[in-house]
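First up is the structure itself, then whatever we jot down about it.
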């Protein structure tokens, strides 16, 4: 029972808790955006912009779900590490890094939807 109390106490002392909740919210909202706009997206969408121009950038639309899922996993992992880390600066870096990653994933998903979606 004391372990649960220690975790709860540590969580209340964790800086940037709002960023944690925002990161999870962004991850789940990205998944919701993909579900909502799945029918107006073509069957193949560009995702890998770092690859050479052409077919190597394209993936089936269901592969868009991997990005927000990875975002949620990174948020949970970084938050878990922030709970066990004693250094306040490291906690801030872990939480804010997860938030930044989630924000960039959400922006990427929105850009893909608005770039190739058929809004007619």
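Residue numbers (my numbering): 32 to 151.
We put the CB at the ideal spot given by N, CA and C, even for glycine.
The structure displayed is predicted, hence computed values, not measured ones.
Residue range of the beta strand (DSSP E) that includes residue i
i, result
"residue 99", "From DSSP, residue 99 is part of no beta strand (DSSP E) but of the alpha helix (DSSP H) over 97–115."
"residue 76", "75–77"
"residue 90", "89–91"
Residue burial classification, residue i (beta-carbon count within 10 angstroms, cutoff 16)
i, result
"residue 102", "buried"
"residue 115", "exposed"
"residue 84", "exposed"
"residue 51", "buried"
"residue 87", "exposed"
"residue 113", "buried"
"residue 47", "buried"
"residue 132", "buried"
"residue 142", "exposed"
"residue 150", "exposed"
Pick from the options that is closest to residue i, judged by C-alpha positions
i, options, result
"residue 146", "98, 66, 71, 116", "71"
"residue 148", "80, 75, 48", "75"
"residue 65", "108, 99, 84", "99"
"residue 134", "54, 45, 46", "54"
"residue 79", "62, 97, 63, 47", "97"
"residue 140", "109, 95, 132", "95"
"residue 44", "150, 120, 142", "120"
"residue 138", "36, 49, 62, 46", "62"
Alpha helix (DSSP H) segment containing residue i, residue limits
i, result
"residue 59", "48–68"
"residue 145", "119–147"
Any non-hydrogen atom of the ligand ADP within 7 Å of residue i CB
i, result
"residue 55", "Among the ligands in the structure shown, none appear at all, so the ligand ADP cannot be discussed."
State whether the stretch 85–104 contacts the stretch 52–61, with contact taken as three or more CB pairs (one from each stretch) at a distance under 8 Å. Touching, yes.
Are the stretch 115–128 and the stretch 85–99 in contact at 8 Å, needing three or more beta carbon pairs? Segment contact: the stretch 115–128 against the stretch 85–99, fewer than three CB-CB distances shorter than 8 Å; contact not assigned.
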